[in-house]
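Participant: Going by the working numbering, the first residue of the sequence shown is number 27, and it counts up by one from there. Where is the CB? At the ideal position from N, CA and C, for every residue including glycine. Computed from a prediction, not measured in an experiment: that's the story for all the values here.
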Amino acid sequence: MTRVPVADMHCDTISAIAAARTQGRNAALRKNELHIDLQKMKQAGYLVQNFAMFLYLKGLEDPFTACMEMIDLYKQEIAKNQDLIEEALCYEDIVANQKQGKMSALLTIEEGETAMGSLEKLRAFYDRGVRMVTLTWNFQNSIGFPNCLLKDGTKAPYGIPNTEQGLTEFGVNFVQEMERLGMIIDVSHLSDAGFYDVLKHTKQPFVASHSNARTLCPHVRNMTDDMIKKLSERGGVMGMNFCPAFLDLEQDYDKAVGTLRMVIDQIKHIIKIAGDECIGLGSDFDGIAPHAELKDASCMPLLAELMEQEGFSHSTIEHVFYKNVLRVYHTVLHR
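1. Using the rule of at least 16 other Cβ atoms within 10 Å of the residue's Cβ for burial, across every protein chain shown, is Gln75 buried or exposed?
2. In the DSSP assignment, what are the bridge partners of Cys174?
3. Can you check the region 99 to 179 for any beta strand (DSSP E) of at least 3 residues that lies completely inside it and give the ranges in chain order?
4. Near Asp302, what residues of its chain come up, given a Cβ to Cβ distance below 6 Å and the 5 sequence neighbours on each side ignored?
5. What residue does the beta strand (DSSP E) around Asn52 start on, and which one ends it?
6. Is Thr160 near Ser214, with beta carbons less than 9 Å apart?
7. With DSSP as the reference, label Ile314 as helix, strand or coil.
8. Note down, in chain order, each residue of its chain lying with its Cβ closer than 8 Å to the Cβ of Ile104, except the 5 sequence neighbours on either side.
9. Mark Ser339 as exposed unless 16 or more other C-beta atoms lie within 10 angstroms of its C-beta, in which case mark it buried.
10. Where do the ends of the alpha helix (DSSP H) carrying Gly220 lie?
11. Ordered along the chain, which non-local residues of its own chain (more than five positions away) have a Cβ less than 7 Å from that of Ala300?
12. Would you kindly report the start and end of the unbroken beta strand (DSSP E) that includes Ala78?
13. Are at least three pairs of beta-carbons, each pair with one atom in the region 189 to 196 and one in the region 242 to 249, less than 8 Å apart?
14. Compare the beta carbon distance of Gly313 and Ala78 with 9 Å and say whether it is the shorter of the two.
15. Spatial neighbours of Arg157 within its chain, please: CB distance less than 7 Å, with the 5 preceding and 5 following residues excluded, ordered by chain position.
16. How is the alpha helix (DSSP H) around Asp212 delimited, first residue to last?
17. By how many angstroms is the C-alpha of Asp252 removed from the C-alpha of Val263?
18. Counting along the chain, where does the alpha helix (DSSP H) carrying Gly11 start and finish?
19. State the CB to CB distance for the pair Leu86 and Ala92, rounded to an integer number of angstroms; the pair is presumed to be in contact (CB under 8 Å).
20. Assuming Leu307 is part of the beta strand (DSSP E), what are its boundary residues?
21. Between Gln166, Glu203, Ala53, which lies nearest to Ala42 when the distance is taken from Cα to Cα?
22. Assuming contact is defined by CB atoms lying nearer than 9 Å, are Val289 and Met35 in contact in what I supplied?
23. By Cβ distance below 6 Å, which residues in the same chain neighbour Thr228 in space, the five residues on each side in sequence not counted?
24. Rounded to whole angstroms, what is the Cα-Cα separation between Thr163 and Ile305?
25. What is the C-beta distance between Phe272 and His317, in whole angstroms, given that I count them as a contact (C-beta under 8 Å)?
26. Can we count Asp153 as close to the ligand ATP, meaning its CB is less than 8 Å from some heavy atom?
27. Go ahead and pull the three-state DSSP assignment for Ala239.
28. Measuring only the C-alpha atoms, how far is Gly185 from Val198?
29. Provide the residue span of the beta strand (DSSP E) that contains Met264, from first to last.
30. Using beta-carbon positions only, say whether Gly3 and Val351 come within less than 9 Å of one another.
31. Would Leu73 and Gln124 qualify as a contact pair, given that the criterion is a beta-carbon distance under 9 Å?
32. Taking Cβ positions, are Glu137 and Leu207 nearer each other than 9 Å?
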């Protein structure tokens, strides 16, 4: 089959580059030993990659400033490589970049607490070019509660879904301000109760940028069938996460092994319950343990090839690989 453009809603590559430099190792976006670099992306036919600014909050006194500094690194790396990639703030920018033979980069944040409980800081992120925010990571914050891996200090194999604690009062204001600005709300990591709060208090499509189906792998980071149906009904998209622990039934995180077959099974299940217009890609590259077969960005065509061998129509493959994601961008992001 012809190469299919790739729209990936989530990676932690910029954070990984920043960490490498802190450790005294040379790392750059154009070429590196990480899951994602521009050369691997170009080889695989990428259209757009979301680059998440991820910050681990424990011990971090000023998350807002730290995030702005990471955004500076992102912008410097994009500026160095304008022969291959340009920033995009909306759907129209992605189309324009494609016409020039360039890939697009969309700036996102993974951890809403970088706004430090301030709508003013959220607006500052928007002005800096941020177009998607993952509301929580694995810690409770001013916006809401994540799904939890621990209960009473004892680690549960797949975690304990939080069905009681959702968005805070400020969190409701936060997501409504995101909608007003034209930012995409990302519910990956958010508690089950938080998902339904977002559904209740917003009107636009939103995403689960890197989450799979809990029916096939009961990890709390994955979504229930009802959540998937509700996301689809809203016009949202969930991105297939390649993290082995979110695909494999192996309960030991370190022993889980991801395969192409597991990703295909996820896609088939989601199509069965909600159709093919709510599935996208959210690799979580450079934030996950290695996937046994999707080793890095250059391997993305392998997924398209197996989908074709499994009888998926070319239309469905295109929907999964980029069209569904672009539809949400066209709907939500302001030009």
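Facilitator: On the basis of the data shown:
1. As a position in the sequence shown, residue 75 is number 49, starting the count at 1. Label assigned to Gln75: buried.
2. Stepping through the sequence shown from its first residue, residue 174 is reached at position 148. Note: Cys174 sits in a beta bridge opposite Ile186.
3. The DSSP assignment places complete beta strand (DSSP E) segments of no fewer than 3 residues inside the region 99 to 179 at 111 to 113, 129 to 136, 156 to 160, 174 to 177, in order along the chain.
4. Counted from its first residue, the sequence shown places residue 302 at position 276. Taken in chain order, the residues that qualify are Thr342, His345.
5. The residue you call residue 52 lines up with position 26 of the sequence shown. Looking at the DSSP string, Asn52 is not in any beta strand (DSSP E), and its letter there is neither H nor E.
6. Counting from 1 along the sequence shown, the entry for residue 160 is found at position 134. Counting from 1 along the sequence shown, the entry for residue 214 is found at position 188. Cβ distance < 9 Å, so Thr160 and Ser214 count as in contact.
7. Sequence index remark: in the sequence shown, residue 314 carries index 288 (1-based). If DSSP states are grouped into helix, strand and coil, Ile314 belongs with coil.
8. As a first step, residue 104 is located in the sequence shown; it is residue number 78 there, counting from the start. Result list for Ile104: Leu55, Ile111, Glu112, Glu113, Ala131, in chain order.
9. As a working note, residue 339 is residue 313 in the sequence shown. Residue environment: Ser339 is assigned as exposed (fewer than 16 neighbouring CB atoms within 10 Å of its CB, all protein chains considered).
10. In the sequence shown, residue 220 corresponds to position 194, counting from 1. Start and end: 218 to 227.
11. Taking the sequence shown and counting its residues from 1, one reaches residue 300 at position 274. Within the same chain, Ile254, Lys255, Ser258 come within 7 Å of Ala300 by CB-CB distance, once the 5 residues on both sides are set aside.
12. Counted from its first residue, the sequence shown places residue 78 at position 52. Run containing Ala78: 72 to 80, per the beta strand (DSSP E) assignment.
13. No: fewer than three Cβ pairs fall under 8 Å.
14. Within the sequence shown, the letter at position 287 stands for residue 313. Within the sequence shown, the letter at position 52 stands for residue 78. Between Gly313 and Ala78, the C-beta gap is smaller than 9 Å, which places the two residues in contact.
15. Within the sequence shown, residue 157 is the residue found at index 131, counting from 1. Sequence-distant Cβ neighbours of Arg157 in its own chain, meaning closer than 7 Å and more than five residues away, are Leu115, Leu132, Leu133, Thr134, Met209, Ile210, Leu359.
16. Here residue 212 refers to the residue found at position 186 when the sequence shown is read from its first residue. Run containing Asp212: none in the alpha helix (DSSP H); it sits in the beta strand (DSSP E), 210 to 212.
17. Within the sequence shown, residue 263 is the residue found at index 237, counting from 1. Within the sequence shown, residue 252 is the residue found at index 226, counting from 1. If you draw a straight line from the Cα of Val263 to the Cα of Asp252, it is about 14 Å long.
18. A query on residue 11 cannot be resolved here, the shown segment of the chain reaching from 27 to 361 and no further.
19. Taking the first residue of the sequence shown as position 1, residue 86 is located at position 60. Taking the first residue of the sequence shown as position 1, residue 92 is located at position 66. With a Cβ gap of about 6 Å, Leu86 and Ala92 count as contacting.
20. Taking the first residue of the sequence shown as 1, we reach residue 307 at position 281. Run containing Leu307: 305 to 307, per the beta strand (DSSP E) assignment.
21. Looking up residue 42 in the sequence shown gives position 16. Answer by Cα proximity: Ala53.
22. On the sequence shown, position 263 is the one that residue 289 refers to. On the sequence shown, position 9 is the one that residue 35 refers to. Between Val289 and Met35, the C-beta spacing is not below 9 Å.
23. Taking the sequence shown and counting its residues from 1, the one referred to as residue 228 is at position 202. So the qualifying residues of the chain are Val201, Glu205.
24. Here residue 163 refers to the residue found at position 137 when the sequence shown is read from its first residue. Here residue 305 refers to the residue found at position 279 when the sequence shown is read from its first residue. Note that residue 163 corresponds to Trp in the displayed sequence, not to Thr. Taking the CA atoms as reference points, Trp163 sits about 22 Å from Ile305.
25. Start at 1 with the first residue of the sequence shown, and residue 272 comes out as number 246. Start at 1 with the first residue of the sequence shown, and residue 317 comes out as number 291. Actually they do not touch by this definition, with Cβ atoms about 10 Å apart.
26. Ligands are entirely absent from the displayed structure, and the ligand ATP is therefore not among its contents.
27. In the sequence shown, the residue the question calls residue 239 occupies position 213. Note: Ala239 maps to strand in three-state DSSP.
28. Here residue 185 is taken as the residue at index 159 of the sequence shown, counted from 1. Here residue 198 is taken as the residue at index 172 of the sequence shown, counted from 1. Their backbone Cα atoms lie some 25 Å apart in a straight line.
29. Translated into the one-based positions of the sequence shown, residue 264 becomes position 238. It spans 263 to 266 - the beta strand (DSSP E) in which Met264 sits, taken as one unbroken run.
30. No answer is possible for residue 3: the residues shown for the chain start at 27 and end at 361.
31. Taking the sequence shown and counting its residues from 1, one reaches residue 73 at position 47. Taking the sequence shown and counting its residues from 1, one reaches residue 124 at position 98. The answer is yes: Cβ separation under 9 Å.
32. Here residue 137 is taken as the residue at index 111 of the sequence shown, counted from 1. Here residue 207 is taken as the residue at index 181 of the sequence shown, counted from 1. Result no, Cβ atoms of Glu137 and Leu207 do not sit closer than 9 Å.
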